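Heads up: the structure comes next, in structure tokens.
Numbering (the working numbering), first residue to last: 152 to 238.
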């Protein structure tokens, strides 16, 4: 039984994978085709990680800025209250 047949029957695998495995089996270049599939998905994961990082980075900067702001306000607010009592 060819490897591509169970891949085609299982809905988890995209059609591209089963087609490339089938072509690799027919041409005798299954190793190359599996390498190309792995490279494709590796590039896809790298692109997703880059996009996610570019989205998360500004949000982290805003979060850190807010935390620093809260610390500064919580430090200076008692000082301002003491100054108002002195006057």
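Think of the CB as a built atom: it goes at the ideal place given N, C-alpha and C, for glycine as much as any other residue. This structure is a prediction, so every number in the text was calculated from the model and none was measured.
Residue i, enclosing alpha helix (DSSP H) - first and last residue
{"i": "residue 165", "result": "Unbroken run through residue 165: none, as it is neither H nor E."}
{"i": "residue 154", "result": "Unbroken run through residue 154: none, as it is neither H nor E."}
{"i": "residue 208", "result": "181 to 237"}
Exposure of residue i, with buried meaning 16 or more beta-carbon neighbours within 10 Å
{"i": "residue 237", "result": "exposed"}
{"i": "residue 172", "result": "buried"}
{"i": "residue 175", "result": "buried"}
{"i": "residue 198", "result": "exposed"}
{"i": "residue 169", "result": "buried"}
**Request:** Say whether the stretch 177 to 185 touches the stretch 156 to 165, bearing in mind that this needs 3 or more beta-carbon pairs closer than 8 Å, one atom from each stretch.
**Result:** The stretch 177 to 185 vs the stretch 156 to 165: no contact.
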